[in-house]
Amino acid sequence: MRSPGRPLLALALLLLVVGAAVAAAVLLRPPSFAGALTGTPSGAPPTTPSPAAAAATAAPAGPPTPAPAPPAFDRTQRSLDSPDSTWVVVNKLRPLDPVGYAPADLVDVGGGHLLRAEAALAVADLQAEAAAAGHGIAVQSAYRSYEYQEGLFADAVGRFGAEGAEQRSARPGHSEHQTGLAVDVGGGGCDIERCFGDTPEGRWVAANAHRSGFLVRYAAGSEQITGYQYEPWHLRYVGPELATEMHETGVATLEEFFGLPPAPEYALG
Ligand SMILES: [Zn+2]
């Protein structure tokens, strides 16, 4: 049952609601209303979050958004002392600690040669890159245990005398090969000889090995720093980040890059 007064009452209520809504819109409009219409900021910070802020809000547990400019290279991010660190610096003044260290993650890279897993992947990458450029790079020597190095050094002393052996071979516990991160390579008809540096393969290695994470550890002209003659065949894995930083900044040795003392001789004869 309907009374004739009901439609009028409904209309009055409707007008009241609409009127209240209009009044609310006028009273509550933001002060930047005109600016918002033209897209001109009116001094208030934008309410729309930037994409970076939106991403950070959406994933608060994720890694920080990288800055537009790359930060300076952090030389402290890895240990130079720990034998398991890919940045460990081993030379005549810095024996491995412990001297009998043996890596736990050695893998076969072919021919019975062993490297730590990360370096093994990297040397395969290096060989693939070299092959794509038309160069065959072979692994001649890789991980050498303390005991094996002991035998090699004794053999070198027998052949070259004590002084000659020091320039060609490392005392056990002082060889980069014991880290599982060093590899001797050959190619172009010259294996583990200085002539490798003059082959197309050796030149390619010197120019490109950093991209796979390797550096020519015993650079020409650095004998008084590294304690070793130029060895264009001896590559040391340090990872692409450090190898590329050294390559691009033209720093030849780990000792110079990290501000470590030159190590031309052993501390004790
Ligand atoms: Zn070597």
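Numbering (UniProt numbering), first residue to last: 1 to 269. Ideal placement from N, C-alpha and C gives every residue a C-beta, glycine not left out.
For residue 218, the three-state secondary structure derived from DSSP is strand.
Note that the C-beta distance between residue 266 and residue 92 is below 8 angstroms. Residue pairing by DSSP places residue 182 opposite 236 in a beta bridge.
If you look at residue 138, you'll find it in the beta strand (DSSP E) that goes 138 to 141.
Between ligand 1 and the CB of residue 184, the shortest heavy atom gap is smaller than 7 angstroms.
The Cβ-Cβ distance between residue 185 and residue 213 does not fall below 8 angstroms. If you ignore the 5 residues before and after residue 108, its C-beta comes within less than 7 angstroms of the C-beta of 114, all in its own chain and listed in chain order.
Scanning its chain for C-beta atoms nearer than 7 angstroms, with the 5 sequence neighbours on each side dropped, one finds around residue 133 the residues 204, in chain order.
When C-beta atoms of the stretch 240 to 259 are compared with those of the stretch 220 to 228, three or more pairs fall below 8 angstroms, so the two segments count as touching. Here residue 174 is not near residue 143, since their CB atoms are 8 angstroms or more apart. The DSSP-derived three-state label of residue 88 is coil.
Per DSSP, residue 74 is not a residue of any beta strand (DSSP E), being assigned neither H nor E.
Separation of residue 65 and residue 71 (C-alpha to C-alpha, rounded to the nearest whole angstrom) is 13 angstroms. Of the residues 215, 182, 233, the one whose Cα lies closest to the Cα of residue 200 is 233.
Distances between the C-beta of residue 234 and the heavy atoms of ligand 1 include at least one below 7 angstroms. Under the three-state reduction of DSSP, residue 164 is assigned to helix. Here the alpha carbon of residue 152 sits roughly 10 angstroms from the alpha carbon of residue 165. In the three-state reduction of the DSSP assignment, residue 105 falls in the coil class, being assigned neither a helical nor a strand state. For residue 116, the uninterrupted beta strand (DSSP E) run begins and ends at 114 to 116, by DSSP. Per DSSP, the beta-bridge partners of residue 231 are 218. In the three-state reduction of the DSSP assignment, residue 94 falls in the strand class.
Residue 261 is classed as exposed because its beta carbon has fewer than 16 other beta carbons within 10 Å across all chains shown.
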